[in-house]
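Asks: For the protein sequence lines, the chains are V and F, in the order given.
Quick note, the first sequence lines up with residues 7 to 303 if you use our numbering.
Quick note, the second sequence lines up with residues 1159 to 1615 if you use our numbering.
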Amino acid sequence: MNRALRQQQIRVAYLFMLPGLIFFLTFQIYPLIKAFQISLYRWEIMPGQASQFLGLANYLRAFQDPIFWLAMRNTALYTLVTVPGQMVLAMVVALALNRLVWGRVFFRTVYYLPVITSWVVVSLLFKFLFNSQAGLINFVLKDLLHLTPNYIPWLQNPGTALIAIMTLGIWKGIGWSMVIFLAALQGIPVELHEAAAIDGASRWQRFWYVTLPIMRPTLVFVLVMLTIGGFNVFIPVYLITGGEPMHRTETILTYMYNEAFNFLDFGYGAALSYLLAAIIFVLSFLQIRFLRRPVEF
Amino acid sequence: MNARKAFLLLIVLVVLALVVIACGPAATPTPQVIKETVVVTQVVEKPGEKVVETKIVEVEKVVTPTPQPEGPVTIAFWHAYNPVETEMLTKKVIPAFEEKYPNIKVEAQAVPYNEFRKKLLTAIAGGTAPDLIRSDIIWVPELADMGALVALDELMPDFDEYKDQVFPGPLSTNYWKGHYYGLPLDTNTRILMWNKEMYEAAGITEPPTTIDEFLAVCEKIKSLGEDKYCFADGGTYGWAVLPWIWSFGGSLTDPDMTTASGYVNSPATVAAYEFLKELLDKGYLHPGILGGGVDTSGGYAQDQIANLLEGPWMPAIFEAQYPDKEIQWALMPAGDGGSISVVGGEDIVMFQQSQHKEAAAEFIRFMLSPEVQLMMADVGQVPVRMDVTDEAVQKQPYFALFFEQLKTAKARLPHPNWPKIEDLLTSTGQAILRGEKGAQEALDELAPKIDSLLATD
């Protein structure tokens, strides 16, 4: 009797899971498998036309494609600059806000605003800010402060264009890490700081030996999430430079998008996105494996 | 755990976009393989003699059968006309058509140009392509090669009547592997738009007719000031550089599009790029060509840019934005290859997935009739029919020079791989203008890359 009841309960549980499961299978698992299939073909988009099976050729092609390596380098560079950039600045802001008695909610909201604004809007905004002729940045540098004799063609040169894109990435991301850091800071027992202070630890020592170790799980979490986000950079690059000039500012996702949707090379595009997924998977695994440790008091 | 979840979500997001396109439902009309007997006349060349042979060959054709229309049918027509042109289409042209053919309803849908190709490809992959589109001329070979288009010269028995009536340059953009997959609908080209006020300030009375004269003009314009430019263009894509390449006597490939080696790196093509580099180095050419955007119309209107290569849509734009500035036109300056500009414009093409091919063909005929061509000329569309040019010029006097230029204008490579070829061409142009590579070296490197793209099929 008891067993039959339990059986029935399990059945009901599955029934309740069914809608979500169907959704998950249709919109998450099926596309995953289909994309992998596409990546093995020279994929024809016309219904009824046979696609040519290429095996791993699309993957091998990426390794011999100089633009792929350029995109790889830019994506890695973007991550290497924007992840520490966001984390350090977010920590500074979080520490400052944590000490504020008045106006903490106000400033927290202000710093969080960039996070909830649309990527498209702020990307276009940055494009105008960094415009070579009429941009605000050039106006301030040349006409107001006279720091440069000529307007800087920010978006025409790969290096300066990447600076603009990475500045946007850091600016937009600070708020997200800040809120998480702030929550973690407020969770640190005040007794620990008091004890350290009594033992004669300076402010810096308390931060380094008390605050940071306790925040370790939070830091690792933010690091992993930001790294994933960094490798997935797409909208700002697509809208600000489109990978130009000469594909020098291309990132993996903009290159994938261009190959698939502009050149209709869906097989290669799918292979590129699987390569990106593999890289992110390995990186996230390594980060968690080697950085996450239980907090020791 | 969080990271893993996020990772899963990430992959799903990455691939979802890809798959939305790929996994649509299959096309409703079922293509059938039909065996057909065709009489082929061949000229066989044997050593010393020419024999004309007539053969009966059985060929296999994939056709999608169209049911005969019984009741009223509706055909879908996608276009990217601007608002003024769209009003003419929906308020006058289509009502006139529906009056003439009460059994056919035309559902016109305006699709913004920038989204047109993606939206169309999504529809094709999902089996829901419209019956007809007004296609940018550069998309036609790609769509034809994909097998998406109906060969109009097979479908329309009266195709030759239209073929012989339209300008050959725009017509050529519909040709792919032995068939015509569309008909030109409107055309345009780029001619020299020169700035009278700046010319007068620099003491020049006449627009240049040759490239040497153009250089002389530039020298004088530069003396007006450091921030005055002789010429500006938005980048190094085909639309921008090809008029110079062709007018210098260069080209991208041989006429049959089989090889680029010896053409894209020929002395004439190299000279064209070196000319552009010289313009840039001397400050004649606005650095906006290196990217980052340049407001060419604004620069012209505010007397900062003395020359542009522009199309017939400019008068309407200036009327709206800079009503006080008058536009002057002249032909593309001639070089060793003559005065040769680039053909733009749109073709009308029909999709295999169309269920109402006969009705759609009627609409094509109607859009190419002299009456409709002249109606659209009222809103600035340059007609493609040679027999209405005089009347069109009476309506829009500035069309005259465009018709003149169109006589020699050439189309960008009508090849399905043009988007990739143009991508390489654009990067190569950037490398040359930025001085990273010499023109000869860069074009020598480019040639074999284009060669392999020409061969890919």
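Note that CB positions come from ideal geometry on N, CA and C, so glycine has one too.
In this text, all values refer to a predicted model and were calculated from it rather than measured experimentally.
Step through the CB atoms of chain V and report whether any lies within less than 8 Å of the CB of F:Pro1572.
Replies: No, because no Cβ of chain V sits closer than 8 Å to the Cβ of F:Pro1572.
Asks: Mapping the DSSP letters down to three states, classify F:Leu1611 as helix, strand or coil.
Replies: Here F:Leu1611 sits in helix by DSSP.
Asks: Report the partner residues of V:Thr81 according to the DSSP bridge assignment.
Replies: Per DSSP, none; premise fails for V:Thr81.
Asks: Give me, in chain order, the residues of the same chain whose beta-carbon lies closer than 7 Å to that of F:Thr1186; leave out the 5 immediate sequence neighbours on both sides.
Replies: Confidence at F:Thr1186 is low in this model, with a pLDDT of 43, below 50, so the placement of that residue should be treated as unreliable; the coordinate-derived value is given next. Cβ within range, chain order: Gly1285.
Asks: Would you mind sorting F:Lys1386 into buried or exposed? The rule is 16 or more other CB atoms within 10 Å of its CB.
Replies: Buried, since its Cβ has 16 or more Cβ neighbours within 10 Å.
Asks: Do F:Glu1396 and F:Leu1247 have their C-beta atoms within less than 8 Å of each other?
Replies: Reading the sequence as shown, one finds Gly at residue 1396 of chain F and not Glu. Contact: no.
Asks: Check whether the Cβ atoms of F:Val1422 and F:Leu1410 sit closer than 8 Å, and answer yes or no.
Replies: For F:Val1422 and F:Leu1410, yes; Cβs fall inside 8 Å.
Asks: When DSSP labels each residue in this structure, what does F:Lys1213 get in the three-state scheme?
Replies: Low per-residue confidence applies at F:Lys1213: pLDDT is 49, beneath 50, and the placement is therefore not dependable enough to give any value.
Asks: Measure the CB-CB distance between V:Ile51 and V:Phe272 and report whether it falls below 8 Å.
Replies: Yes, Cβ-Cβ distance for V:Ile51 and V:Phe272 is below 8 Å.
Asks: Under 7 Å Cβ-Cβ, which residues of chain F neighbour V:Glu256?
Replies: Here the premise fails: no neighbours, minimum Cβ distance about 11 Å.
Asks: List the DSSP bridge partners of F:Pro1342.
Replies: F:Asp1505.
Asks: CA-CA distance, F:Val1201 and F:Thr1244?
Replies: Below a pLDDT of 50, predicted positions are generally treated as unreliable, and F:Val1201, at 45, falls in that range; the measurement from the model is reported next regardless. If I take the Cα positions, the gap works out to 48 Å.
Asks: Sort out for me which residues DSSP pairs F:Gln1486 with in a bridge.
Replies: In DSSP, F:Gln1486 forms a bridge with F:Trp1352.
Asks: With DSSP as the reference, label V:Trp49 as helix, strand or coil.
Replies: V:Trp49: coil per DSSP, three-state reduction.
Asks: If you follow the alpha helix (DSSP H) that F:Glu1516 is in, where does it begin and where does it stop?
Replies: Run containing F:Glu1516: Lys1515 to Met1525, per the alpha helix (DSSP H) assignment.
Asks: Quick check on DSSP: helix, strand or coil for F:Val1198?
Replies: Only weak support exists for where F:Val1198 lies, its pLDDT of 45 falling under 50; the coordinates are left without a value.
Asks: Where DSSP assigns a beta bridge to F:Thr1232, which residues make up the other side?
Replies: Answer by DSSP bridge pairing, in chain order: F:Lys1263.
Asks: Should F:Leu1278 be flagged as near chain V, meaning a C-beta pair shorter than 8 Å?
Replies: No, F:Leu1278 lies away from the interface with chain V (no Cβ there is under 8 Å from its Cβ).
Asks: Which of the three DSSP states, helix, strand or coil, is assigned to F:Ser1453?
Replies: Sequence check: residue 1453 of chain F is Asp here, not Ser. If DSSP states are grouped into helix, strand and coil, F:Asp1453 belongs with coil.
Asks: Could you tell me which uninterrupted alpha helix (DSSP H) segments, each at least 4 residues in length, are contained entirely in the segment 1526-1609 of chain F, listed from first to last along the chain?
Replies: Entirely contained in the segment 1526-1609 of chain F, the alpha helix (DSSP H) runs reaching 4 residues are, in chain order, 1528-1535, 1547-1553, 1557-1564 and 1576-1591.
Asks: Taking only beta-carbon atoms, is V:His152 less than 8 Å away from chain F?
Replies: With 8 Å as the cut-off, V:His152 does not count as an interface residue toward chain F.
Asks: Using only alpha-carbon positions, find the residue among V:Met172, V:Leu21, V:Phe296 and V:Ile220 that is nearest to V:Thr247.
Replies: Selected option, being the one with the closest Cα: V:Met172.
Asks: Give the secondary structure of F:Ser1405 by DSSP, where H, G and I count as helix, E and B as strand, and everything else as coil.
Replies: DSSP places F:Ser1405 in helix when its eight states are reduced to three.
Asks: Taking all protein chains shown into account, decide if F:Arg1570 is buried (16 or more other Cβ within 10 angstroms of its Cβ) or exposed.
Replies: By the neighbour-count rule (16 or more Cβ atoms within 10 Å), F:Arg1570 is buried.
Asks: What ranges does the beta strand (DSSP E) occupy inside the segment 1247-1332 of chain F, keeping only unbroken runs of at least 3 residues that lie completely in it?
Replies: Fully enclosed beta strand (DSSP E) runs of 3 or longer: 1262-1268 and 1290-1294.
Asks: Counting beta carbon pairs with one atom in the segment 1339-1346 of chain F and one in the segment 1542-1559 of chain F, are three or more of them shorter than 8 Å?
Replies: Yes, they touch.
Asks: For F:Ala1488 versus F:Ile1349, is the C-beta spacing smaller than 8 Å?
Replies: Cβ atoms of F:Ala1488 and F:Ile1349: closer than 8 Å.
Asks: Cβ closer than 9 Å: which chain V residues qualify as neighbours of F:Met1304?
Replies: Ordered by position in chain V, the residues that pass the 9 Å Cβ test against F:Met1304 are Glu50, Ile51, Met52, Gln55 and Leu270.
Asks: Please list the partners that V:Gln58 has in chain F, where partner means a Cβ-to-Cβ separation under 7 Å.
Replies: Here the premise fails: no neighbours, minimum Cβ distance about 12 Å.
Asks: Using a Cβ-Cβ cut-off of 6 Å (strictly less than) and excluding sequence neighbours within five positions of V:Gly179, which residues of its own chain qualify?
Replies: For V:Gly179, where only same-chain residues beyond five positions count, the Cβ hits under 6 Å are Gln92.
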